[in-house]
Amino acid sequence: MISGTVFKYGDNVDTDVIIPARYLNISDRTELASHCMEDIDEEFSKKVKPGDIIAAGRNFGCGSSREHAPIAIKYSGIKCIIAETFARIFYRNSINIGLPILECPKAAKDMENGDRVEVDLKSGKITNVTKGRTYWAESFPEFMQDIIKAEGLINYVEGKVESQ
Amino acid sequence: MGMTMTQKILAAHAGLDKVHPGQMIEASLDLVLGNDITAPVAIDEFEKAGFNKVFDKGRIAIVPDHFTPNKDIKSAEQCKKVREFARRMDIENYFEIGRMGIEHALIPEKGLAVPGDVIIGADSHTCTYGALGAFSTGIGSTDMAVGMAVGKAWFKVPEAIRFTLKGKLGEWVCGKDAILHIIGMIGVDGALYQSMEYCGDGVGSLSMDDRFTMANMAIEAGAKNGIFEADDKTLEYVREHSNRPPRAFKADADAEYCREIEINLAAIRPTVAFPHLPENARTIDEVGEIRIDQVVIGSCTNGRIEDLRMAAKVLRGNRVDPGVRAIVIPATQKIYLQAMKEGLLEIFIKSGAAVSTPTCGPCLGGHMGILAKGERAVATTNRNFVGRMGHPESEVYLAGPAVAAASAITGKISSPEEVIK
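These protein sequences, in sequence, are chains Y and L.
Heads up: the first sequence runs through residues 14 to 177, numbered per our numbering.
Heads up: the second sequence runs through residues 317 to 737, numbered per our numbering.
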């Protein structure tokens with residue numbers, strides 16, 4: 014069960030603002046995380062706590078294929094992103110690095126900055142504790158749950174190779 | 317129910333007779349691509365997973381093009397890592413500075429993409445090769461790592477929007493204006509998870525360079541890929557550049573599309589996308605008075621020879637406005653040399669523009685033309701997001717090479733018709 018505070022953003026949050034290109038020569042994940050969202054929200058990296066949740070509108074993560082974007086978010090402490098829709102490369106990259114992301118337009122629209130939210134990835138149940146409302150996102154197919162549990166595709170592939 | 321072009325290519329690469337939208341498939345890959353930003357992360361993942369060889373050293377391409385020629389020590393270290401990996405794995409298609417180009421201009425030029433291919437690249441503009449009738453799409457570093465090791469990737473079969481093109485583009489109007497017009501019409505998520513398939517009589521009138529530009533920006537509408545049916549022009553291009561046999565796929569007559577849109581190419585005006593989204597498209601007639609500080613002509617979207625010819629046609633005999641820095645970046649060494657032979661570089665330099673070696677540089681705010689706070693640029697690049705070319709409070713206006721060149725002369729966003737009487 015994921016439980017945390019919501020950081021809410023709008024539509025079309027692109028990967029250039031999630032992690033600006035001027036930081037793409039950095040490979041340290043914690044250092045990348047320290048610049049996460051800084052061009053649209055200077056406070057984000059100062060305020061975010063482990064377990065927190067990002068909520069957003071349509072087309073979250075549009076633009077570049079840089080995996081640095083979900084990496085910066087994951088290493089900032091964010092445990093889940095809930096949006097109305099995601100850009101497809103970002104969606105794929107997030108799963109591949111083991112960052113759970115859920116499409117649930119109703120839940121995402123209702124959420125506001127600072128709401129307390131709980132997420133059960135297995136069932137897809139999203140509870141906005143602050144607003145007293147419950148939503149259901151489509152749960153992940155089993156192989157995607159396994160990738161997230163393994164903290165990413167590489168560990169998942171590794172695990173499969175070892176168990177054979 | 318028949319299949320779209322993309323569905324047919326994916327089915328053929330998954331060993332299936334038929335696929336349907338939403339179906340998960342595993343497809344074999346003809347090419348796996350990466351650059352100096354995405355490959356270092358992929359190499360880490362590749363090694364972490366314990367892979368020690370690539371699936372086919374002839375089917376991987378690595379192009380250091382983003383922060384190159386190395387802009388600082390950190391970038392130099394990233395390039396070194398990529399170079400050493402390429403050597404260690406004996407990768408045939410590693411392209412060093414001086415012999416390279418911006419990846420999406422270089423790959424077709426080197427004959428590494430042909431009709432019917434399935435290509436993944438750890439760069440979102442990998443969708444460019446759809447211009448050749450290939451299925452090509454951007455992925456991240458982890459997918460690149462696994463793709464390099466096993467030569468396969470999983471895909472969810474997309475549905476498609478069919479764009480039927482009619483007529484012919486007017487003077488000073490190019491593929492960039494057409495794609496900005498289309499993105500303005502459907503929005504930056506108008507083709508989310510879908511293919512954009514181009515067909516109709518109008519396709520034949522588009523040059524290959526126009527098609528590369530249009531396929532290149534499919535990602536800017538959220539699409540998985542953009543794809544043109546291969547025709548005589550495509551096959552001629554492929555014959556000139558590649559030894560590999562093309563496999564031209566046509567959509568079935570009864571293929572099902574989620575949306576059908578007709579585009580009259582003749583009605584498209586020079587188009588500009590305003591900050592901070594490519595969907596903020598306006599015709600040049602609706603722009604108003606917008607002063608600018610910089611012009612960039614180049615990138616994987618518009619750094620090809622026809623783009624440079626169009627820019628030179630506008631700049632010939634004119635001077636860049638004293639308040640404007642104009643930067644021209646031929647996309648590959650071959651294009652650079654061709655532009656030199658045709659006298660285009662002389663026109664640029666005499667007009668007061670800077671000419672650079674191939675690099676993605678300013679397009680993503682890397683180097684070679686970063687904007688200060690409050691500055692504005694007209695760029696033939698592909699994204700105008702907040703902070704894309706530099707300071708978060710700078711602005712990028714996207715346009716084709718003719719508008720960019722005209723704007724360099726006047727110091728404000730201008731139509732080439734204003735400059736060339």
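Glycine included, each C-beta is placed from N, C-alpha and C at the ideal position.
At the C-beta level, G17(Y) and K92(Y) come within 8 Å of one another.
Contiguous alpha helix (DSSP H) elements confined to the region 510-539 of chain L occur at 524-532, taking only those with 4 or more residues. Of the other Cβ atoms in all chains shown, fewer than 16 fall within 10 Å of the Cβ of S136(Y); this residue is therefore exposed.
Contact note: E361(L) reaches chain Y through I167, using a C-beta cutoff of 7 Å and chain order. Its Cα nearest to that of R632(L), the residue L624(L) stands out among P638(L), G639(L) and L624(L).
In terms of beta-carbon proximity, G23(Y) stays away from the interface with chain L, with every pair separated by 8 Å or more. The beta-bridge partner set that DSSP reports for N580(L) consists of K482(L). Sequence-distant partners of Q510(L) (beyond 5 residues in either direction) whose C-beta falls short of 7 Å from its own C-beta, in its chain, are P474, E475, A476, I477, A539, K540 and C574.
At the C-beta level, A569(L) and G318(L) come within 8 Å of one another.
Residues of the region 50-82 of chain Y with a C-beta atom less than 8 Å from some C-beta of chain L are D52, I53, R71, N72, C75, G76, S77, S78, R79, E80 and H81, listed in chain order.
As for any beta strand (DSSP E) of minimum length 3 sitting wholly inside the region 48-98 of chain Y, the runs are 66-69 and 93-96, ordered along the chain. Take the alpha-carbon of A718(L) and the one of A546(L): they are about 27 Å apart. Annotation for S16(Y): the continuous beta strand (DSSP E) segment containing it runs I15 to K21.
In the DSSP assignment, T147(Y) falls within the beta strand (DSSP E) that extends over R146 to W149. Excluding sequence positions up to five before and after Y553(L), its CB lies within less than 6 Å of the CB of M524, all in the same chain and listed in chain order. Ranked by Cα distance from D123(Y), the first of S107(Y), T147(Y) and P113(Y) is T147(Y).
At a cut-off of 3 residues, the continuous stretches assigned as beta strand (DSSP E) that sit fully inside the region 416-450 of chain L are 434-437. With respect to chain Y, the C-beta atom of A628(L) has no partner C-beta closer than 8 Å. Between I455(L) and chain Y, the shortest Cβ-Cβ separation is below 8 Å. DSSP places R598(L) within a strand segment (E or B) once states are collapsed to three.
If only complete runs of 4 or more residues are kept, the region 632-676 of chain L shows the alpha helix (DSSP H) at 649-657 and 660-667, in order along the chain. Close to I353(L), with beta-carbon spacing below 7 Å, are these residues of chain Y in chain order: L37 and R79. F471(L) has I341(L) as its beta-bridge partners, per DSSP.
Between the C-alpha atoms of H683(L) and F383(L) there is a straight-line separation of about 7 Å. The beta-carbon separation of A655(L) and R620(L), rounded to 10 Å, does not stay under the 8 Å limit for a contact. Legend: CB atoms of the region 458-476 of chain L lying less than 8 Å from CB atoms of chain Y belong to residues T458, D459, A461 and V462. Neighbours of I110(Y) across chain L, judged by C-beta separation under 7 Å: T458. Interface residue (Cβ-Cβ distance to chain Y less than 8 Å): D439(L) is classified as such.
Proximity of the region 438-452 of chain L to the region 318-328 of chain L meets the contact definition, three or more beta-carbon pairs being nearer than 8 Å. The beta carbon of P33(Y) sits closer than 8 Å to some beta carbon of chain L. A buried status is given to F73(Y), since no fewer than 16 other beta-carbon atoms sit within 10 Å of its beta-carbon. Going by C-alpha positions, A429(L) is about 27 Å away from L714(L). Each of C616(L), I643(L) and H336(L) was checked against the Cα of V379(L), and the nearest Cα belongs to C616(L). Assignment of S452(L) by DSSP, reduced to helix, strand and coil, places it in the strand class.
Annotation: the continuous beta strand (DSSP E) that includes N141(Y) extends over K138 to N141.
For the region 95-107 of chain Y, residues whose beta-carbon sits nearer than 7 Å to a beta-carbon of chain L comprise T98, A100, R101, I102, R105 and N106.
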